[in-house]
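Peer 1: In the numbering used here, the protein residues as written are 20 to 273. No residue lacks a Cβ here, since even glycine has one placed at the ideal position from N, Cα and C.
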Ligand code: PGA
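So, in structure tokens, the structure goes:
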């Protein structure tokens with residue numbers, strides 16, 4: 020595997036001061052991360068300060084969401100163009116918490132991904148089935164629908180990149196370990212659809228597929244030892260500098 024991608028999603032879990040303390044601790048360990056690509060996604064109020072703290076460390080800056088227009092009368096929204104201008108390299112889109120709690124539709128997800136691809140920023144498109152969908156045998160159908168609706172009709176230029184994070188909704192925050200073979204199956208379903216939508220070289224060279232859902236220092240190696248898994252999206256375990264560093268160290272060993 021090329022350098023694993025490890026994205027920390029801090030959600031709305033840290034106060035401003037807590038976020039700065041964590042960024043400081045993580046940036047001190049950054050010299051150990053050089054065989055990986057580490058991305059921190061703080062909340063919007065912390066993003067500029069965290070950007071300054073990780074400057075020149077090799078750690079990248081990410082955001083947890085954005086709006087689907089560059090600029091305009093959209094009170095309370097955040098422009099992906101402005102995020103790019105302050106150094107944001109990755110933007111998480113369609114996280115299951117936004118789809119479920121903020122009722123973000125598949126059309127909104129599509130519009131956000133489409134706009135981000137026109138900028139010098141990489142969308143991290145989250146997809147995944149709920150527990151009920153899985154019980155009903157709909158997992159593959161849901162994954163195909165989410166990927167198709169988000170990406171159909173989009174055009175990739177040579178420099179465009181996209182990350183797809185497969186996150187079974189029922190694994191997020193559960194503290195449970197996933198079955199690596201089940202992850203591989205879902206990644207295959209996703210990859211197959213991508214081959215149907217885009218030229219092979221785009222899928223092979225410009226799209227990474229990662230896994231998220233209760234990733235921790237213990238289970239990360241099992242996931243990353245699957246060939247199809249190019250990295251991880253980490254929530255709770257990214258809130259502690261020691262745990263997060265252990266995840267990065269384990270990922271690099273894979
Ligand atoms: P978790 O969150 O690691 O706490 O399960 C992952 C996510 O929501 O992206």
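Indicate, with yes or no, if the ligand PGA has a heavy atom lying under 7 angstroms from the CB of residue 41.
Peer 2: no
Peer 1: Apart from the five residues on each side of it in sequence, which residues of its chain come closer than 6 angstroms, Cβ to Cβ, to residue 73?
Peer 2: 46
Peer 1: With 16 other CB atoms within 10 Å as the buried threshold, where does residue 105 fall?
Peer 2: Taking a 10 Å sphere around the C-beta of residue 105, we find fewer than 16 other C-beta atoms and assign the residue as exposed.
Peer 1: For residue 148, which residues from the same chain have a beta carbon less than 7 angstroms from its beta carbon, with the 5 sequence-adjacent residues on both sides left out?
Peer 2: Sequence-distant Cβ neighbours of residue 148 in its own chain, meaning closer than 7 angstroms and more than five residues away, are 157, 158, 161, 162, 187, 188.
Peer 1: If you draw a straight line from the C-alpha of residue 222 to the C-alpha of residue 119, how long is it?
Peer 2: The alpha-carbon atoms of residue 222 and residue 119 are separated by roughly 28 angstroms.
Peer 1: Residues in the same chain with beta-carbon distance under 8 angstroms from residue 40, minus the five sequence neighbours each way, listed in chain order, please.
Peer 2: none
Peer 1: Could you pull the DSSP bridge partners for residue 248 from this structure?
Peer 2: In DSSP, residue 248 forms no bridge with anything.
Peer 1: According to DSSP, is residue 141 helix, strand or coil?
Peer 2: strand
Peer 1: Residue 181 and residue 141: beta carbons closer than 8 angstroms?
Peer 2: yes
Peer 1: When the Cα atoms are used, what is the spatial distance from residue 130 to residue 254?
Peer 2: 25 angstroms
Peer 1: Pop quiz: residue 65 and residue 38 are said to be a contact at Cβ under 8 angstroms. What is the actual Cβ separation, rounded to whole angstroms?
Peer 2: 4 angstroms
Peer 1: In angstroms, rounded to a whole number, what distance separates the CA positions of residue 51 and residue 23?
Peer 2: 13 angstroms
Peer 1: Which value, in whole angstroms, describes the spacing of the CA atoms of residue 197 and residue 53?
Peer 2: 27 angstroms
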